[in-house]
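Engineer: In this text, residue positions in the sequence shown follow our numbering: the first is 815, and each later residue adds one. Note that the Cβ used here is the ideal one computed from N, Cα and C, for glycine as well. I'd like to ask you about the structure that follows.
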Amino acid sequence: MRNNIGLFLGKRAHLNPDMEAIVDTATERRLSYRELDLRANKLANAMRDSGVKKGDRVAILMMNGIEYVESFMGLAKIGAIVVPLNWRLVADELSFILKDAGATVMVYGSDFADVIGTLHEGGAAATQIGQWIEFCEDGHDRDLFATDYMEFTGPASDAGPEIDAGDDDDLFIMYTSGTTGLPKGAQHSHNTAMWAIITFSITAEFRYKDRFAIALPMFHVGALLPVIVTFYIGGTAILMRQFDPKQMWEITEREKLTVNLAVPAMLNFMLMVPEFEKYDYSHLRWIMSGASPVPASLIESYKDIGIEVHQVYGLTEACGPGTLISPDDAMVRIGSAGKAFFHTTVRVVDDDGKDTAPGVPGELLVQSAHVMKGYWNNPEATAETIRDGWLHTGDIAIQDKDGFITIHDRVKDMIISGGENVYPAELENVITSHPGVADVAVIGMDSERWGESPFAVVVRKDEDLTETDILRHCDGKLARFKLPKGAVFIDEIPRNPTGKPLKRLLRDQFPGPAPE
């Protein structure tokens, strides 16, 4: 039988049919593995009956929930390629991704009817979508051009579909913005996902019957992968629509969470909840935290209340796993991102591609069977990123004499704000379109709330240009998390001889904290 990620659900349903598979905290629905697998089968058969074939791209624009999970697993079973969409993006950004991926079917939640309406009105210029499937809730009327999700799946068989896809066939394309400002689709197969799931399960020490909260949106590999890992090890995925710090403590107690995943900003917000100590979190073994370096002070704060925080380093191009600090080392090597995952190899190299000596900064490279096949429809970016079998992360790291990795900086100047990737070039393109701007460089400024926030350093063409003018110009052109928190004006952007802005100097000059 071919390795097919969708079959993980069926296999777990066979082994533990009555075990609780998933909890949708927004709707208070709970499904067993048998129930969830049958629903995924109905979705798979409905898609196949409607003409969706192996290799067709199907986009999903939904909040975390049962329908998202069953759609992903059902599509995996029939060999369709899932394109998870970031619901924070505006219509133009989504349009680029949909056209680049060649998606022909859209599954969406009624929460996003407005942006979907804009895309639909744009016709062929906006998307190639020919079939719109809407999951309606809270009394929302179905869009006239869409098929109701429940009516779509209702008549379909709940028998397991015939499996003719898997192994090196594509499973999903997850888009991440590039330094040019244009999104790139990391292309993962059933095999790359399988190896990521296996190494994640082994290295992170997941256990049978673990209960894992998923508060990060599932358009992130850091949320999608843990859901499938939970099915693989035989646990329960507790889904939250959006992160809420007070609700997270409540869910930790009520659902008896054993493991959790949170970006540093989320950990900060949880500690700000009044009287959080009153909640019972005694069953929580650890919280894994990544997306940006975890401050030592934050790890210490959680250590003081008896919770271990394990720093993880991962990236979409590796289907998640990169490095992880083990439980034994987490409390004595605070700030380290640990060592490579079990089925993963890492190196730190200099500009000539030679391994650096211990303690010397260099670029972090990753090699594994879970590294992406490449960037969808972008051979140039693929060739630049994967060279000689190694994934070039663009991140600067230091490896000590014992092999522990510390993430030091980012070659590509990416900003991570509240767990979301913000690429300066994308924002710079918007700002320079203002007629009063002569030059601009966007940097990440320290933020107590978000870890980092985008901040614009601008050279004025028009002396009457104000910070308010800059902020208003950006508003509505990009997702809100990408918008600058502020702007400052200088006479000249410092640049090296090749014309590249010296953003390190700007970060030193404007360290923050950013306006909140």
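1) Given a cut-off of 8 Å on the beta-carbon distance, is the pair Phe-1218 and Ser-1150 in contact?
2) Could you check what DSSP says for Ile-1221 in three-state terms: helix, strand or coil?
3) Look at the Cβ atom of Tyr-963, then the Cβ atom of Phe-949, and state whether they are nearer than 8 Å.
4) Tell me which residues share the same chain as Asp-1278 and place their Cβ nearer than 7 Å to its Cβ, disregarding the 5 neighbours each side in the sequence.
5) Is it right to say Val-1146 is buried, meaning 16 or more other beta carbons lie within 10 angstroms of its own, or is it exposed?
6) In chain order, what residues of the same chain have a beta carbon less than 6 Å from the beta carbon of Gly-820, not counting five sequence neighbours either side?
7) For His-1222 and Ala-938, I'd like the C-alpha separation in whole angstroms.
8) Give the DSSP-derived three-state secondary structure of Leu-857 in the structure shown.
9) Are Gly-865 and Gly-974 touching if we call contact CB-CB under 8 Å?
10) Phe-1014 and Phe-1155 look like a contact to me (Cβ under 8 Å); what is the Cβ gap, rounded to whole Å?
11) What residue range does the beta strand (DSSP E) around Glu-834 cover?
12) Could you check whether Ala-840 and Arg-1055 sit closer than 8 Å to each other, using their CB atoms as the reference points?
13) Where in the segment 969-998 do unbroken runs of the beta strand (DSSP E), each at least 3 residues long, occur, reported from the N-terminal end onward?
14) To the nearest angstrom, how far is it from the Cα of Leu-1285 to the Cα of Ser-1115?
15) Alpha carbon to alpha carbon, how far is Gly-879 from Arg-844? Give it in angstroms, no decimals.
16) Residue range of the beta strand (DSSP E) that Thr-1158 falls in?
17) On the DSSP bridge list, what partners appear for Val-1180?
18) Applying the 10 Å Cβ sphere with the 16-neighbour rule, what's the burial state of Arg-1318?
19) Could you check how far apart the C-beta atoms of Leu-1138 and Gly-1152 are, in whole angstroms? I think they sit under 8 Å.
20) Beta carbon of Leu-1071, beta carbon of Leu-1098: below 8 Å?
21) Leaving out five residues before and five after Met-920 in sequence, what residues of the same chain have Cβ atoms less than 6 Å from its Cβ?
22) Tell me the DSSP bridge mates of Tyr-1351?
23) In chain order, what residues of the same chain have a beta carbon less than 6 Å from the beta carbon of Ser-1267, not counting five sequence neighbours either side?
24) With distance defined between alpha-carbon atoms, name the residue in Leu-1241, Arg-1161, Asp-1253, Ala-1171 nearest to Glu-1177.
25) Look at the alpha carbon of Asp-863 and the alpha carbon of Arg-826, and state the distance between them as a whole number of angstroms.
26) For the alpha helix (DSSP H) containing His-1287, list its first residue and its last residue.
27) Does Ala-1110 pass the burial test, meaning 16 or more other C-beta atoms within 10 Å, or should it be called exposed?
28) For Thr-961, which beta-bridge partners are listed by DSSP?
29) Skipping 5 residues on each side, what residues in its chain have a beta carbon closer than 7 Å to that of Asn-900?
30) So what does Leu-845 bridge to, in DSSP terms?
31) According to DSSP, is Ser-1231 part of a helix, a strand, or is it coil?
32) So, using beta-carbon positions, are Ile-836 and Ala-1000 closer together than 8 Å?
33) Do Phe-1295 and Val-1236 come within 8 Å of each other at the CB atom, strictly closer than that value?
34) Check this for me: beta carbons of Gly-1134 and Met-833, under 8 Å apart or not?
35) Please determine if the segment 923-933 and the segment 843-858 are in contact, where contact requires at least 3 C-beta pairs separated by less than 8 Å.
36) Going straight from the alpha carbon of Asn-1191 to that of Pro-1315, what length do you get?
Structural biologist: Taking the structure as given:
1) yes
2) strand
3) yes
4) none
5) exposed
6) Met-887, Ala-890, Lys-891
7) His-1222 and Ala-938: Cα-Cα distance of roughly 44 Å.
8) helix
9) no
10) 7 Å
11) Note, Glu-834: beta strand (DSSP E), 834-838.
12) yes
13) 984-991
14) 35 Å
15) 11 Å
16) Here the beta strand (DSSP E) through Thr-1158 covers 1158-1163.
17) The secondary-structure analysis by DSSP pairs Val-1180 across a beta bridge with Val-1160, Leu-1205.
18) The residue in question, Arg-1318, is exposed, as its Cβ has fewer than 16 Cβ neighbours within 10 Å.
19) Going by Cβ atoms, the distance from Leu-1138 to Gly-1152 rounds to 5 Å, so yes, they are a contact pair.
20) yes
21) Ala-873, Ile-943, Trp-946
22) What the structure shows of the chain is the stretch from 815 to 1330, and residue 1351 is not part of that stretch, so it cannot be assessed.
23) Within the same chain, Ser-1267 has close Cβ partners Ser-1231, Met-1259, Ser-1261, Lys-1299, Ala-1328.
24) For the residues Leu-1241, Arg-1161, Asp-1253, Ala-1171, the minimum Cα distance to Glu-1177 belongs to Arg-1161.
25) When rounded, the distance between both Cα atoms is 25 Å.
26) 1281-1288
27) exposed
28) Answer is Ile-947.
29) Phe-1033
30) Bridge partners of Leu-845: Ile-836.
31) strand
32) no
33) yes
34) no
35) no
36) 29 Å
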